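There are 2 protein chains.
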Amino acid sequence: MSGGFFRSRWVEPPGAIEELAPEELPSGFRAAGVHCGIKTSGRDLGLLACDNDEATSAARFTRNALVAAPVMVSRRASLSRLRGVVVNSGNANVSNGEAGVAVAEEMAATAAAGLGVPRDRVGVASTGVIGLGLERTPVIEGIESALPALGPGADDFARSIMTTDRWPKYASLRVPLAAGEVRLSAQAKGGGMISPGFATMLCFVETDAAIDVHTLERLLGAAVERSFERISVDGQMSTNDSVFAIAGGASRVGVTAGSEDELLFAQTLDALLRQLALEMVADGEGATRVARLEVTGATGATEPVARAVANSPLVKCALFGGDPNWGRILAAAGQALPDADPLFTVAIGGVEVARDGDAVPLDDERRSELKHAMRGDEVDIRLSVGVGNETAEIFFCDLGPEYVRVNAEYS
Amino acid sequence: MSGGFFRSRWVEPPGAIEELAPEELPSGFRAAGVHCGIKTSGRDLGLLACDNDEATSAARFTRNALVAAPVMVSRRASLSRLRGVVVNSGNANVSNGEAGVAVAEEMAATAAAGLGVPRDRVGVASTGVIGLGLERTPVIEGIESALPALGPGADDFARSIMTTDRWPKYASLRVPLAAGEVRLSAQAKGGGMISPGFATMLCFVETDAAIDVHTLERLLGAAVERSFERISVDGQMSTNDSVFAIAGGASRVGVTAGSEDELLFAQTLDALLRQLALEMVADGEGATRVARLEVTGATGATEPVARAVANSPLVKCALFGGDPNWGRILAAAGQALPDADPLFTVAIGGVEVARDGDAVPLDDERRSELKHAMRGDEVDIRLSVGVGNETAEIFFCDLGPEYVRVNAEYS
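Going down the list, the sequences are from chains A and B.
Each residue of the first sequence is one higher than the last, beginning at 13 in the working numbering.
Each residue of the second sequence is one higher than the last, beginning at 13 in the working numbering.
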């Protein structure tokens, strides 16, 4: 397949798939993105529609106890039969009381009426500042102007969901199943407040394959677990994280549970969401560098250690500086473990820097390798926390002055 | 009493005590601080000694699973009968294997021999970079040159324990007990990697009062719980946190359990450690502003919420920018709670910005009050997370570009 989208060495797309222009939606899907006035400039309202009445869908939402109004409204929708999603950026519509819920409900109703589908078949998503009232008029008028703009390209849509993202995150793939060719596309946005549990900021997945609800649920769940649930920009779980996947079926090619086709489709979806998740980390607020941390050890120990290291501001600052200050990795790991005497072994870019808790002396050659590894775009860190075979993987970005600048001046 | 040391509005020292010159040690104590060559310049080796053989002591150490060699060695010492502590800065002596432990042991032994006390009556502490071998020779020679420099002032000692601290943190107090006058002094250091559990970075407390071990233990424990355990610079628990308190008894004034004198002494110790803890936050790496967060709610909910908010990089960046972006406070709090529908109420500087989960509309006057409160040196935040009377208090600092600069270039 051609390169381009799958830039990370940590993602392995199936060899058989082919990358299309990123804006190409699978047949049966249309999208639009317009400016409605929430942001001072730029597109801030997106609409996604599936023309097939038999479409199946699946969704995942944040696990934060505080959720946005659109998440409340979406949770009440027919999540296995969605025909569309309406989304705004620039305002998260959180903590706006009944008025906020009413606007989210009206967004779904207006989009549904325009698309000619029942109101419960449209999902809603929002992203932006928390606690600012979302005005009804611009959003509703925005939906009305987006409806006639719906078309087969997702370019405007992918841009309309951006907040502090520096680049749009989307891709479109051709998947040659044995039963016939299908297409799979997705659009996502990241920014800050990225530490998804169960889902991530916003991601929309479309396919013209025909997939029963149960299989789609399972495929999406598995792919989300290996992608958006394994990333952290700043350890902050959003109130708005939402992933929507719609299988329209326009290709008339079915993906059935247990088939070889299901395996290829699952591998493709996995690679797609994993690369999108990595894009979110690479484009985390102020990020200049991505690290992959793999923690191995006893059952139950690896996940808290992986999170503690990935969210350590000291580790993240060292990553920004390209400084192999592994002592901070150990200290953060030690903080996440019960009082004990852990035997940490750490390797950065394949260079072992500590073994069984103690520093490994490095010769000049290894030292220079280490320095080089630490300054790459993608830094590989492996940490063993003692006996055991459980593994936890996490992707995170560095913490630089740009994160501070973006977030000291945001609201 | 005179002002000076007790600068924070969140500390209330007893009216009866008097502040002395910060370097004045209680009678029976001597200290020194010298340059031994761990750092390229500045004092980096400190020695503290108590001349009274009947001295009692108490200590607290980090709860990190990974601990420094000096912490291991100190834990094996006679912690209730310490006569001295030796400390170095510039190197944390962590993850240096048997060699690191041997250096820490030799530090204690050399200091003990010089002071003419048994080896198990000297504690050891270190602070600085993790994972770099601590060379034996400069440290041991440093102790030998510190021994003849021991004197009644703690000025050099207070400076010798500094790492990224911008100012030395120490104070000396006269406490007029009914049974007679005693003195109480302490020296501390902060920096980064500050989120102590059970103890804090480094703090040394001296008094010439005579206090039995059991009472001293209890007094120190209570004061540490209300001071160093309630602060966070960056949520990173150090491997080296240590607090040592020595009661020499040279004043021949006893502090006995249950007496009025014990109460006054306890209040004084509480104010002293609380102000020192606040100094650590105010002098956190790159810090420009301190916040006090008080969380009220159901039993068990307030502590994780307080930690989650205090350690949120988004909340800390907003604090740096003087931006009352309370949505980030709610999102961080929601992340720490089990899936539910929390009714958050938030006030910043006395201005209520959200009630029962929804934004409170502010008139111009309140908005200007809020802005003013958010830009002060000490920002007061109160968060109610629903029904319940449990309260958790935490002090934290902002996250500015200077934190990143210090920590991207540290090792």
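All C-beta atoms in this analysis are idealised placements derived from N, C-alpha and C, irrespective of residue type, glycine included.
These figures come from a predicted structure and were not determined experimentally.
Inset, instruction - State buried or exposed for Trp-179(B), treating a residue as buried only when at least 16 other CB atoms are found within 10 Å of its CB. - result: Result: exposed.
Legend entry - Identity of the residue in Leu-214(B), Phe-169(B), Glu-24(B), Gly-154(B) nearest Ile-50(B) by Cα: Checked all of Leu-214(B), Phe-169(B), Glu-24(B), Gly-154(B); the closest Cα to Ile-50(B) is Gly-154(B).
Legend entry - Sheet register partners of Pro-188(A) (DSSP bridge): Answer is Glu-193(A).
Legend entry - Run of the alpha helix (DSSP H) containing Ile-50(A), from where it starts to where it stops: Segment: none, Ile-50(A) is in no alpha helix (DSSP H) and carries neither H nor E.
Legend entry - Alpha carbon of Ala-404(A) to alpha carbon of Tyr-415(B), nearest angstrom: For Ala-404(A) and Tyr-415(B), the distance between alpha carbons rounds to 29 Å.
Inset, instruction - Return the residue from the list Val-194(A), Gly-361(A), Ala-221(A) that minimises the CA-CA distance to Glu-31(A). - result: That would be Val-194(A), whose Cα lies nearest to the Cα of Glu-31(A).
Legend entry - Distance, Ile-341(A) Cα to Cys-329(A) Cα: Across the structure, Cys-329(A) and Ile-341(A) are spaced so that their CA atoms are roughly 12 Å apart.
Inset, instruction - Please confirm whether Val-397(B) and Pro-354(B) have their CB atoms less than 7 Å apart. - result: Taking 7 Å as the cut-off, the Cβ atoms of Val-397(B) and Pro-354(B) count as close.
Inset, instruction - Look at Ile-223(A) and Lys-201(A) and say whether their C-beta atoms are less than 7 Å apart. - result: Against a cut-off of 7 Å, the Cβ pair of Lys-201(A) and Ile-223(A) comes out as no contact.
Legend entry - Contact set between Leu-411(A) and chain B, taken where Cβ atoms lie within less than 8 Å: Result: Pro-325, Val-416.
Legend entry - 7 Å Cβ cutoff met for Phe-332(A) and Gly-135(A): Here Phe-332(A) is not near Gly-135(A), since their CB atoms are 7 Å or more apart.
Inset, instruction - State yes or no: is the beta carbon of Met-249(A) nearer than 7 Å to at least one beta carbon in chain B? - result: Yes, because at least one Cβ of chain B sits closer than 7 Å to the Cβ of Met-249(A).
Inset, instruction - Pull up the distance between the alpha-carbon of Ser-430(B) and that of Arg-304(B), whole angstroms please. - result: The requested residue 430(B) is not part of the displayed model; chain B covers only 13 to 423.
Legend entry - For Gly-361(A) and Asp-321(A), believed in contact at Cβ under 8 Å, the rounded distance: Looking at the sequence provided, one finds Val at residue 321(A) rather than Asp. With 8 Å as the limit, Val-321(A) and Gly-361(A) do not qualify as a contact, their Cβ atoms being about 16 Å apart.
Inset, instruction - Pick out whichever of Gly-112(B), Val-399(B), Arg-367(B), Arg-95(B) has its Cα sitting closest to the Cα of Lys-310(B). - result: One point to set straight first is that residue 310(B) is Ala, not Lys, in the sequence displayed. Comparing Cα positions, the closest option is Val-399(B).
Legend entry - Whether Gly-40(B) touches Cys-62(B) by CB criterion (7 Å): Contact: yes.
Legend entry - Start-to-end residues for the beta strand (DSSP E) that takes in Arg-367(B): Here the beta strand (DSSP E) through Arg-367(B) covers 363 to 367.
Legend entry - Segment contact flag, the stretch 227 to 243 of chain B with the stretch 112 to 131 of chain B, C-beta cutoff 8 Å, min 3 pairs: At 8 Å Cβ cutoff, the stretches do not touch.
Legend entry - Outcome for Arg-319(A) when other beta-carbon atoms lying within 10 angstroms are tallied against a minimum of 16: Buried, because 16 or more other Cβ atoms sit within 10 Å of the Cβ of Arg-319(A).
Legend entry - Extent of the continuous alpha helix (DSSP H) run through Phe-277(A): Element bounds for Phe-277(A): 272 to 294.
Legend entry - Distance, Asn-323(A) Cα to Trp-22(B) Cα: Trp-22(B) and Asn-323(A) have their C-alpha atoms roughly 30 Å apart.
Inset, instruction - Pull up the distance between the alpha-carbon of Thr-149(A) and that of Ala-183(A), whole angstroms please. - result: Using only the alpha carbons, I get a separation of about 32 Å.
Inset, instruction - Please name the residue, chosen from Pro-130(B), Ala-89(B), Leu-57(B), that lies closest to Asp-65(B) on a Cα-to-Cα basis. - result: With distances taken between Cα atoms, Asp-65(B) lies closest to Pro-130(B).
Inset, instruction - Note down the Cα distance separating Ala-43(A) from Ala-166(A), rounded to an integer number of angstroms. - result: Going from the Cα of Ala-43(A) to the Cα of Ala-166(A) covers about 6 Å.
Inset, instruction - Return the residue from the list Thr-314(B), Ala-161(B), Val-83(B) that minimises the CA-CA distance to Ala-345(B). - result: Out of Thr-314(B), Ala-161(B), Val-83(B), Thr-314(B) has the C-alpha closest to the C-alpha of Ala-345(B).
Inset, instruction - Go ahead and pull the three-state DSSP assignment for Asn-100(A). - result: In the structure shown, Asn-100(A) falls within a strand segment according to DSSP collapsed to helix, strand and coil.
Legend entry - Within chain B, partners of Asn-108(A) - CB distance below 8 Å: Near Asn-108(A) (Cβ distances below 8 Å), the residues of chain B are Asp-370, Ala-371.
Inset, instruction - Measure how close the beta-carbons of Val-307(A) and Leu-382(A) come, nearest whole angstrom, since I'm counting them as under 8 Å. - result: Not a contact, Cβ separation roughly 19 Å.
Inset, instruction - Let me know the secondary structure DSSP gives Ile-258(A) once reduced to three states. - result: The three-state reading of DSSP puts Ile-258(A) in strand, counting E and B together.
Legend entry - Leu-94(B) vs Ser-69(B) beta-carbon contact at 7 Å: Inclusion of Leu-94(B) and Ser-69(B) in the CB contact set at 7 Å is warranted, their separation being smaller than that value.
Legend entry - Where Met-292(B) meets chain A, residues with beta-carbon distance less than 9 Å: Residues of chain A passing the Cβ test: none, with the nearest at roughly 16 Å.
Inset, instruction - Quickly, what does DSSP pair Ala-70(B) with across the bridge? List them, please. - result: In the DSSP output, where bridge partners are listed per residue, Ala-70(B) has Ala-257(B).
Legend entry - Beta-carbon spacing of Asn-103(A), Leu-144(A) below 7 Å: Less than 7 Å separates the beta-carbon of Asn-103(A) from that of Leu-144(A).
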